[in-house]
Each structure stands twice: as C-alpha cells, then as structure tokens.
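I have placed the structure first, in the form of structure tokens, so that the comments after it can refer back to it.
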Amino acid sequence: MENRHKNKKNILIVFCGTVIGFINGFFGGGGGMVCVPMFEKFLKLKNKEAHATTLCVILPLCIVSSFIYIYKNSLDFIELMLVTGGAIIGGIIGAFLLKKLNSKWIRAIFAIVMLVAGIKMVI
Numbered sequence: 000m001e002n003r004h005k006n007k008k009n010i011l012i013v014f015c016g017t018v019i020g021f022i023n024g025f026f027g028g029g030g031g032m033v034c035v036p037m038f039e040k041f042l043k044l045k046n047k048e049a050h051a052t053t054l055c056v057i058l059p060l061c062i063v064s065s066f067i068y069i070y071k072n073s074l075d076f077i078e079l080m081l082v083t084g085g086a087i088i089g090g091i092i093g094a095f096l097l098k099k100l101n102s103k104w105i106r107a108i109f110a111i112v113m114l115v116a117g118i119k120m121v122i
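If you use numbering that gives the first Met the number 0, the sequence shown corresponds to residues 0 to 122, in order.
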C-alpha cells in the first residue's frame, strides 16, 4: 500500500513539473506563479517551503528555456544582461525577505501580485 501512495505522489510531482515547465516555456516565464499554488495544494508544502522550492525549480527551468530562446535568436543580449543584473539583486532581496516575513504576509503579497498581473493582462 505504501508503494502505491509513493507512486501516486511521484506521478503528481511529475504532473506538476510538466505543467510548470509548459507554462514557463510557453509564456517565457511565469511558471512560478502556478508553481507555488500547485506545491501548496497538490504536494501539501507549507507556504514558505512552497516559495523556496519554487525558487529552486524555476532557475534550471529558466536556463533551459533561455537556451531555446537563444537558439531561436529571440533575445536582445544588452537587455538580457541588464535584466539579469536586476533579477539577481531582486532575487537576493526576495530570498532574505522570504525567510523573515510571516507566511500570512507572504500569501497576501503573492495574491496581490497575481491579482495585479491578471488585471494587467486582461486590460
């Protein structure tokens, strides 16, 4: 019985990874926006653990997607370097804040960011 449970969980993990990878590859990013809720709901990770795991999942995913965009000559390297510098600084700040903030605040900030992003996409 334990093996069945483990197999179901592994299938669920692969499913979550596939959905997250597809979204990140298709939209050129954004996999993290679905990664956190999926990790919380399907894998039963705690809020901070879901956010931290998402950071570790998205990095290699973005690297793979980046190579595809580079291969297709779809990047402006000057803009890429500027954004990368800012993203590194923002990532460091965000990782430190994630550790310091209460899960309630993290959930609220995440919900606001998702709501604003959704409204902006519709408008």
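Beta carbons: idealized from backbone N, C-alpha and C, even for Gly.
If you're wondering where the values come from, they're calculated on a predicted model, not measured in any experiment.
Bounding residues of the alpha helix (DSSP H) (the contiguous stretch that carries residue i)
i: LEU44; result: Segment: none, LEU44 is in no alpha helix (DSSP H) and carries neither H nor E.
i: ASN101; result: Where ASN101 is concerned, there is no enclosing alpha helix (DSSP H), given that its DSSP letter is neither H nor E.
i: GLY29; result: Note, GLY29: premise wrong, no alpha helix (DSSP H); not H, not E.
Pick from the options that is closest to residue i, judged by C-alpha positions
i: ILE105; options: PRO59, GLU48, LYS119; result: GLU48
i: GLY16; options: THR53, PHE26, LYS45; result: THR53
i: VAL112; options: GLY31, GLU39, SER65; result: GLY31
i: LYS8; options: ALA51, LEU42, LEU74; result: LEU42
i: GLY117; options: SER102, SER64, GLY29, PHE66; result: GLY29
Rounded distance between the beta-carbons of residue j and residue i, thought under 8 Å
i: PHE109; j: VAL35; result: 6 Å
i: VAL18; j: MET37; result: 7 Å
Check whether the region 15-27 and the region 92-99 are in contact - that is, three or more C-beta pairs closer than 8 Å. Too few Cβ pairs lie closer than 8 Å, so no.
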